[in-house]
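Peer 1:
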Amino acid sequence: MAQLRPGRAAPEARVLPGRAAPPARGAMSLEALRYRRGSLRVLNQLLLPQRSCYQEIGGVRQGWEAIRAMQVRGAPAIAIVGCLSLAVELHGGAGLGQGKAGLETFIHDSLRYLVTARPTAVNMARAAEELGAFTSQEAQREEATAESLRESVIQWAEAMLEKDLRDNRSIGEHGARHLLQASPQDKVTVLTHCNTGSLATAGYGTALGVIRSLHALGCLEHVYCTETRPYNQGARLTAYELVYEHIPATLIADSMVSVAMKEKGVSAVVVGADRVVANGDTANKVGTYQLAIAAKHHGIPFYVAAPSTSCDLSLAEGAEIVIEERPSQELTDVNGARIAAPGIGVWNPAFDVTPHELITGGIITEMGVFRPEELREALTWAVKGE
Ligand SMILES: CSC[C@@H](O)[C@@H](O)C(=O)COP(=O)(O)O
0 MAQLRPGRAA PEARVLPGRA APPARGAMSL EALRYRRGSL RVLNQLLLPQ
50 RSCYQEIGGV RQGWEAIRAM QVRGAPAIAI VGCLSLAVEL HGGAGLGQGK
100 AGLETFIHDS LRYLVTARPT AVNMARAAEE LGAFTSQEAQ REEATAESLR
150 ESVIQWAEAM LEKDLRDNRS IGEHGARHLL QASPQDKVTV LTHCNTGSLA
200 TAGYGTALGV IRSLHALGCL EHVYCTETRP YNQGARLTAY ELVYEHIPAT
250 LIADSMVSVA MKEKGVSAVV VGADRVVANG DTANKVGTYQ LAIAAKHHGI
300 PFYVAAPSTS CDLSLAEGAE IVIEERPSQE LTDVNGARIA APGIGVWNPA
350 FDVTPHELIT GGIITEMGVF RPEELREALT WAVKGE
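Quick note on numbering that gives the first Met the number 0: the sequence shown kicks off at 0 and runs consecutively.
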C-alpha cells in the first residue's frame, strides 16, 4: 500500500445556505463536484440533505480522504475526484521540481495511492491503469518535458468529466428505449436502489439517468427508491435528487421491496454497478442481490446500468471481487446516536454480488444494452474499434 503523504491543510469548508428546498423545474442539476483548472470542490454528501456544503480538495491526499470518508461516493465520481485531485496538485507544481522522471514517479505513486481509498468499485483502478500507461507513454517521448507531461496528464483527467457525462446520457437513452420496448404499457414504474444519479457521477447518472430519460420522454409513471441501509444513500441522496428534479417518486425501506413488486405495478428494477466482471456478475450496493432474487420471483426484468468504465474484464466471475467492509458504527448508529444493543457483533459489507443469471433485463452501457453473456464480446469489440 502506498504511503500516506502529507497534503495541504483543508481550507474551511464553505457552507451554502441551509436546508435544500426543491428548486423550480429547469434549475441547474446537482453537482457532486465543481472543477476549474487548479481548483476542485466536492459536495460533502455526508451532510445532505440537511446542508449543501462544497469543500476544497487541494490535492491527492485530500481526494483520498474525501473518497474514503464517503464525502464523495459512487463508482464514477470516485474515479473522477481521484484523478482531478491529482490534476489540482500537479497544477500547483507538485513533482515538477524533480524533472520529468521525478514527475512521472510522483504521478504513478499518486495513482497507486488513490486506488487504495476504496476497493470494490473498479473505476478508480481502471483510471489509474489507463492514466498510468498514458503517463509512461508520454514521458518516453524524447521531446516531452516535465511541463508538457504535467499538461497532458491534467488534460487527461479533465477529459474524464466530459466523457462520463456523455456516457451517462447515452446510458439513459439506451435504457429508456429498452425498458419501453420490453413493457406492454406506455408508461413504466421503476424500482431503484442506492444512489446512481448526478451525485454519484459527473452528472445525469446511470440507473437514475435511465429514470431521468424516461421522465423526459413522458413515459415514467413512478419511481420507488429504497432507503438503502445502512448508509441511506437512497433516503438521503436519491430521494433528494428525485425531489430536486420533480420526478414522481416514493421512498420505501429495503425490507419492502418484495411487497412493492407484488402490489405497486413495478415494471422494471434498474440499479447501478460498482464492478461488472467478464461473465456479467455485478457488485453493487448491498441489498442489490436480494432485489434481483425478488424481481425474478415476480417476473420483473432486472437491469444493471453502468458505463464501460465500471466493467472489469480482468476478473472472470463475481467471486473474485473484493467486497469492502465498512465500520460497524454505520450499522449500529444513526446520526451519531447508537440504536443497536451494546455488545452485539456486526457484519457490514458495503456491497454484494448479483449473479449474472439474475440480470434478466440486461446490462445498460453507453454502447447499448447487452445480455450478461454478450458483454465481454461487446466491450472487446468497442476497444478494438477505438
Ligand atoms: C453510478 S454509481 C453506482 C454504484 O456505485 C452505486 O449504486 C453504489 O453502490 C455506490 O456505493 P457507495 O458505497 O455509496 O459508493
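Backbone N, C-alpha and C fix where the C-beta goes; we use that ideal spot for every residue, glycine too.
(1) State the beta-bridge partners of Ile-311 as determined by DSSP.
(2) I need the straight-line Cα distance from Thr-115 to Asp-185, nearest angstrom please.
(3) Closer than 8 Å by C-beta to Val-418: which residues in its own chain qualify, once you throw out the five before and the five after it? Chain order, please.
(4) Output needed for Ala-181: all residues of its chain with C-beta closer than 8 Å, excluding positions within five of it in sequence on either side, in chain order.
(5) Can you tell me where the alpha helix (DSSP H) holding Asp-108 begins and where it ends?
(6) Taking Asn-43 as part of the alpha helix (DSSP H), name the residues at either end of that continuous run.
(7) So, helix, strand or coil for Gln-49, using DSSP?
(8) According to the Cβ coordinates, are Val-270 and Lys-261 closer than 9 Å?
(9) Please write down, chain order preserved, every residue whose beta carbon lies under 6 Å from a heavy atom of ligand 1.
(10) Going by CA-CA distance only, name the one from Gln-328, Val-258, Tyr-203 and Pro-229 that's closest to Glu-244.
(11) If you drop the 5 nearest sequence neighbours on each side, which residues of the same chain put their C-beta closer than 8 Å to that of Ala-377?
(12) Between Ile-66 and Arg-125, which are expected to be in contact by the criterion C-beta below 8 Å, what is the C-beta distance as a whole number of angstroms?
(13) Just to check my reading of the structure: Gly-131 and Val-87 have Cβ atoms closer than 8 Å, yes? What is that Cβ distance to the nearest angstrom?
(14) Check whether the region 101-109 touches the region 69-77, counting contact only when three or more Cβ pairs, one atom from each stretch, lie closer than 8 Å.
(15) Between the region 290-309 and the region 338-352, do three or more beta carbon pairs fall short of 8 Å?
(16) Rounded to whole angstroms, what is the Cα-Cα separation between Glu-319 and Val-352?
(17) Helix, strand or coil: how does DSSP classify Glu-372 here?
(18) So the candidates are Gln-328, Ala-336, Ile-153 and Asn-122; which of them puts its Cα closest to the Cα of Gly-91?
(19) Buried or exposed for Ser-84, going by 16 or more other Cβ atoms inside 10 Å?
(20) To the nearest angstrom, how far is it from the Cα of Leu-386 to the Cα of Leu-357?
Peer 2: Quick answer:
(1) Looking at the sequence shown, residue 311 is not Ile but Asp. BP columns for Asp-311 point to Val-276.
(2) 45 Å
(3) In the structure as shown, the chain begins at 0 and stops at 385. Residue 418 is therefore absent and cannot be evaluated.
(4) Ala-267, Pro-300 and Gly-360
(5) 98-114
(6) Taken as a continuous stretch (DSSP letters only), Asn-43 belongs to no alpha helix (DSSP H), as it is neither H nor E.
(7) coil
(8) no
(9) Arg-72, Gly-73, Ala-74, Pro-75, Ala-120, Cys-193, Thr-195, Ala-199, Thr-200, Thr-205, Gln-232, Gly-271, Ala-272, Asp-273, Asn-283, Lys-284 and Ala-349
(10) Tyr-203
(11) Thr-364, Met-366, Gly-367 and Phe-369
(12) Going by Cβ atoms, the distance from Ile-66 to Arg-125 rounds to 15 Å, so no, they are not a contact pair.
(13) 18 Å between Cβ atoms; not a contact.
(14) no
(15) no
(16) 10 Å
(17) helix
(18) Ile-153
(19) buried
(20) The structure shown does not extend to residue 386, since the chain is modelled only from 0 to 385, so the question has no answer here.
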